[in-house]
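Visitor: Structure below; questions to follow.
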Amino acid sequence: MMRHLQAVVVSLGLLMTMSANAKKIANRQTPPLRPNIIFILTDDLDAGSAAFMPRLKALLIDQGVSFSNFFVSFSLCCPSRATILRGQYAHNTQILGNRPPDGGFEKFYSLGEENSTIATWLQAAGYRTMYVGKYLNGYPGDAALTYVPPGWDEWYSAVKGNPYSEYNYTLNENGKLVSYGNTPEDYGTDVYARKAVDFIQRTAKEGKPFFIHLSVYAPHGPATPAPRHENLFPNAQAPRTPNFNEEDVSDKPAYIRNRPPLTSREIVQIDEQYRERLQSLQAVDDAIASLIDTLNATGQLDKTYIFFTSDNGFHLGNHRLALGKVAPYEEDIR
Numbered sequence: 006m007m008r009h010l011q012a013v014v015v016s017l018g019l020l021m022t023m024s025a026n027a028k029k030i031a032n033r034q035t036p037p038l039r040p041n042i043i044f045i046l047t048d049d050l051d052a053g054s055a056a057f058m059p060r061l062k063a064l065l066i067d068q069g070v071s072f073s074n075f076f077v078s079f080s081l082c083c084p085s086r087a088t089i090l091r092g093q094y095a096h097n098t099q100i101l102g103n104r105p106p107d108g109g110f111e112k113f114y115s116l117g118e119e120n121s122t123i124a125t126w127l128q129a130a131g132y133r134t135m136y137v138g139k140y141l142n143g144y145p146g147d148a149a150l151t152y153v154p155p156g157w158d159e160w161y162s163a164v165k166g167n168p169y170s171e172y173n174y175t176l177n178e179n180g181k182l183v184s185y186g187n188t189p190e191d192y193g194t195d196v197y198a199r200k201a202v203d204f205i206q207r208t209a210k211e212g213k214p215f216f217i218h219l220s221v222y223a224p225h226g227p228a229t230p231a232p233r234h235e236n237l238f239p240n241a242q243a244p245r246t247p248n249f250n251e252e253d254v255s256d257k258p259a260y261i262r263n264r265p266p267l268t269s270r271e272i273v274q275i276d277e278q279y280r281e282r283l284q285s286l287q288a289v290d291d292a293i294a295s296l297i298d299t300l301n302a303t304g305q306l307d308k309t310y311i312f313f314t315s316d317n318g319f320h321l322g323n324h325r326l327a328l329g330k331v332a333p334y335e336e337d338i339r
């Protein structure tokens, strides 16, 4: 079954090689004229954590193509997400931060940039389009809670609560507000995956190509795992790379040179957050399997391209930087 999957893994340095099977796929058949597209976007994913996602590896990485020199030009959520939506560098989108006046949803909205995005382009090309999960930081801002950006036939994105925690949030579901609580069934990543699966099942019957933008919050802090995953990886530690808590920073810029080495307490916190990040990614891994199972069951697998990526990378104690992004180092931009 999987030898027919047309998967493309666009990832923050997650893979170093193109699989032989993916090359065979590329050489064997003419791609569909209008293939289905599923774009899975994680939040703050570091490159190394993909090794802890077995379904991602088996179903996409081993069957697909990866781009090992894929870099973001701005390692921050909203600028990167605006770039994804419009295919422009941040200096062209003018989204230079997560909040006004530099950026955020409100600036993207006020500039009218939602009127020309991958959603409007694909919708005009005859695709059914779906957005599910995290949108631009600050959404919906001053717009109505029921506001749906142009180009999206179906829309499911949080407008209230704290969706980063995966519980107790309210989604704008195609103009209707639906609240979710704190039961296992309300876990955010699972909810988004179920909606994407339902969309595939319904749209496959219509015979139209579809585009799904599935934007999960994992592994962004607080990196809350699903209950079924919260005891995994009890002994995992953030990778102790040569630049972890770097001893000699004399060749680094002042903002690194002026930082003291990480304390033992900070390192413990980094390791704790690292374990929680890995745990939170397991529901994303489950979602990948559910999507592919559904594509296969509906006869859409041969017609679908799947992309997997993140808005930016994340450092975990590298160069004496505890937890975060924005720095111009590979941990943050790959």
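For our numbering, count along the sequence shown from 1 and bump the result up by 5.
Heads up, the beta-carbon is just placed ideally off N, CA and C, and yes, glycines get one too.
1. State whether the segment 157-172 contacts the segment 136-149, with contact taken as three or more CB pairs (one from each stretch) at a distance under 8 Å.
2. Let me know if VAL273 comes out buried or exposed under the rule of 16 or more other beta-carbons within 10 Å of its beta-carbon.
3. Go ahead and pull the three-state DSSP assignment for VAL196.
4. By a C-beta neighbour count over all protein chains shown, 10 Å radius and 16 as the cutoff for buried, is ARG245 buried or exposed?
5. In whole angstroms, give me the CA-to-CA distance for GLY131 and ASP203.
6. Look at the alpha carbon of GLU336 and the alpha carbon of ARG91, and state the distance between them as a whole number of angstroms.
7. In chain order, what are the residue ranges of uninterrupted alpha helix (DSSP H) at least 4 long that sit wholly in the segment 227-285?
8. Whole angstroms is fine: what's the gap from LEU38's alpha carbon to LYS213's?
9. When you compare each of PHE79, LEU64, ASN41 to PHE319 by their alpha carbons, which one comes out closest?
10. Within a Cβ cutoff of 7 Å, which residues of the same chain sit near MET23, ignoring the five residues on either side of it in sequence?
11. Skipping 5 residues on each side, what residues in its chain have a beta carbon closer than 7 Å to that of GLN305?
12. Tell me the rounded alpha-carbon separation between PRO239 and PRO59.
13. Is ASP191 closer than 8 Å to TYR222 when the C-beta atoms are compared?
14. Determine contact between the segment 179-186 and the segment 106-122, defined as no fewer than three beta-carbon pairs at a distance below 8 Å.
15. Taking the straight line between their C-alpha atoms, what separation do you get for TYR114 and ILE45?
16. What first and last residue would you give for the beta strand (DSSP E) that runs through ALA163?
17. Let me know the secondary structure DSSP gives HIS225 once reduced to three states.
18. Mind reading off the beta-carbon distance from ILE275 to ALA327? Whole number of angstroms is fine, and I expect it under 8 Å.
19. For LYS308, count neighbouring Cβ atoms within 10 angstroms of its own Cβ and tell me buried if that reaches 16, exposed if not.
20. Does the separation of the CB atoms of LEU267 and ASN248 fall below 8 Å?
21. I need the DSSP call for ARG104, collapsed to helix, strand or coil.
Guide: Considering the structure as presented:
1. The segment 157-172 is in contact with the segment 136-149.
2. The sequence position of residue 273 within the sequence shown is 268, counting from 1. With fewer than 16 other Cβ atoms within 10 Å, it is exposed.
3. Taking the first residue of the sequence shown as position 1, residue 196 is located at position 191. DSSP places VAL196 in helix when its eight states are reduced to three.
4. Here the question's residue 245 lines up with position 240 in the sequence shown. Taking all protein chains in view, the Cβ of ARG245 is surrounded by fewer than 16 other Cβ atoms within 10 Å, so the residue is classified as exposed.
5. For the purposes of this step, residue 131 is taken as the residue at position 126 of the sequence shown. For the purposes of this step, residue 203 is taken as the residue at position 198 of the sequence shown. Note on geometry: alpha-carbon atoms of GLY131 and ASP203 lie some 20 Å from one another.
6. To locate residue 336, count along the sequence shown from 1; it is residue 331. To locate residue 91, count along the sequence shown from 1; it is residue 86. Distance from the CA of GLU336 to the CA of ARG91, rounded to the nearest whole angstrom, comes to 24 Å.
7. With a minimum length of 4 residues, the continuous alpha helix (DSSP H) runs that stay inside the segment 227-285 are 259-262.
8. As a working mapping, residue 38 is identified with position 33 in the sequence shown. As a working mapping, residue 213 is identified with position 208 in the sequence shown. Counting only the Cα atoms, LYS213 lies some 12 Å from LEU38.
9. For this step, residue 319 is matched to residue 314 along the sequence shown. Per the Cα distances, PHE79.
10. As a position in the sequence shown, residue 23 is number 18, starting the count at 1. A caution first: MET23 carries a pLDDT of 30, below 50, which makes its placement in the model too unreliable to give a value.
11. Numbered from its first residue, the sequence shown carries residue 305 at position 300. Answer for GLN305: ASN41, ILE205, ALA209, listed in chain order.
12. Mapped onto the sequence shown, residue 239 falls at position 234. Mapped onto the sequence shown, residue 59 falls at position 54. Roughly 17 Å between the two C-alpha positions.
13. Taking the sequence shown and counting its residues from 1, one reaches residue 222 at position 217. Taking the sequence shown and counting its residues from 1, one reaches residue 191 at position 186. If you check the CB distance, TYR222 and ASP191 do not come in under 8 Å.
14. Contact between the segment 179-186 and the segment 106-122 is absent, because fewer than three Cβ pairs lie under 8 Å.
15. Counting from 1 along the sequence shown, the entry for residue 114 is found at position 109. Counting from 1 along the sequence shown, the entry for residue 45 is found at position 40. Straight across, the Cα-Cα distance linking TYR114 with ILE45 is about 23 Å.
16. Your numbering for residue 163 matches position 158 in the sequence shown. Run containing ALA163: 159-166, per the beta strand (DSSP E) assignment.
17. The residue labelled residue 225 in the question sits at position 220 within the sequence shown. Three-state DSSP puts HIS225 in coil, outside helix and strand.
18. In the sequence shown, counting from the first residue as 1, residue 275 sits at position 270. In the sequence shown, counting from the first residue as 1, residue 327 sits at position 322. 6 Å between Cβ atoms; contact.
19. Locating residue 308 in the sequence shown gives position 303, where the first residue counts as 1. By the 10 Å Cβ count, LYS308 comes out buried.
20. Walking along the sequence shown from the start, residue 267 turns up at place 262. Walking along the sequence shown from the start, residue 248 turns up at place 243. Between LEU267 and ASN248, the CB-CB gap reaches or exceeds 8 Å.
21. On the sequence shown, residue 104 is found 99 positions in, with the first residue counted as 1. Note: ARG104 maps to coil in three-state DSSP.
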